[in-house]
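Here is the structure we will look at, set down as structure tokens.
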Amino acid sequence: MPAELRTPVPVPKRKTETLADVGVILTDHVEALGKANGKIVATDCILTEAETGKVKEGCEE
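Just so we're aligned, residue 7 is where the sequence shown starts under our numbering, counting upward by one.
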């Protein structure tokens, strides 16, 4: 399993002073969630192939 898939996805810490700051923080979290979900999908692809010997549909070789 690649080390990159075993590391947390960081979210920058930001000060919240305005409503615009809240929007930036929400964007940070949405981007981090997308990256984390991508890691989960990649991990599933690797584990499925290791367990079954077959490439799961939707996973690239």
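All C-beta atoms, glycine included, are put in the ideal place defined by N, C-alpha and C.
Residue i to residue j span [Cα, whole Å]
{"i": "G59", "j": "R12", "result": "22 Å"}
{"i": "K41", "j": "G29", "result": "19 Å"}
{"i": "V36", "j": "V47", "result": "17 Å"}
{"i": "A9", "j": "P16", "result": "15 Å"}
{"i": "T49", "j": "T33", "result": "24 Å"}
{"i": "E57", "j": "T24", "result": "49 Å"}
{"i": "G44", "j": "P18", "result": "19 Å"}
{"i": "M7", "j": "A26", "result": "39 Å"}
Same chain, Cβ closer than 6 Å to residue i, five either side skipped, listed in chain order
{"i": "R20", "result": "I31"}
{"i": "C51", "result": "K62, C65"}
Own chain partners of residue i with C-beta closer than 8 Å, once the 5 adjacent residues on each side are dropped
{"i": "E55", "result": "V61, K62, C65"}
Given residue i as reference, the closest of the options once Cα atoms are compared
{"i": "P14", "options": "D50, I52, L39, C51", "result": "L39"}
Residues near residue i by beta carbon distance below 7 Å, same chain, minus five either side
{"i": "M22", "result": "Here the sequence assigns Thr to residue 22, which means Met is not the residue at that position. Closer than 7 Å at Cβ, skipping near neighbours: V28, I31."}
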